[in-house]
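Visitor:
In the working numbering, the protein residues as written are 9 to 77.
#1: Is residue 35 closer than 8 angstroms to residue 65 when the C-beta atoms are compared?
#2: Kindly indicate the opening and closing residues of the alpha helix (DSSP H) around residue 54.
#3: I'd like the span of the beta strand (DSSP E) that includes residue 36, first residue to last.
#4: Roughly how many whole angstroms lie between the Cα atoms of residue 10 and residue 16?
#5: Does the Cβ-Cβ distance between residue 29 and residue 48 come in under 8 angstroms?
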């Protein structure tokens, strides 16, 4: 797999919450940190995502915002 994105994080699916249209995919990264992605239900089904599946979280963003109180 070759991608132009620089932020590719390997992890395992911790949980998939399937809705009517979208699925929430919680990915556990090495060290225990988690990332959550919302993808279409059709994409989750096509990728055959389930708990324990090895996946890549690919982050492609032009902006990362930082906030403080």
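C-beta atoms are modelled at their ideal positions from N, C-alpha and C, and glycine is treated no differently.
Guide: Reading off the structure:
#1: Within the chain shown, numbered from 1, the residue matching residue 65 stands at position 57. Within the chain shown, numbered from 1, the residue matching residue 35 stands at position 27. Yes, the Cβ-Cβ distance between residue 65 and residue 35 is below 8 angstroms.
#2: Counting from one through the chain shown, the residue named residue 54 turns up at place 46. Unbroken alpha helix (DSSP H) run through residue 54: 49 to 54.
#3: One-based indexing of the chain shown puts residue 36 at position 28. Its beta strand (DSSP E) spans residues 30 to 36.
#4: The count along the chain shown starts at 1 and reaches residue 10 at position 2. The count along the chain shown starts at 1 and reaches residue 16 at position 8. Roughly 11 angstroms separates the two Cα atoms.
#5: Position 21 of the chain shown, counted from the start, is the residue given in the question as residue 29. Position 40 of the chain shown, counted from the start, is the residue given in the question as residue 48. Going by C-beta atoms, residue 29 is nearer than 8 angstroms to residue 48.
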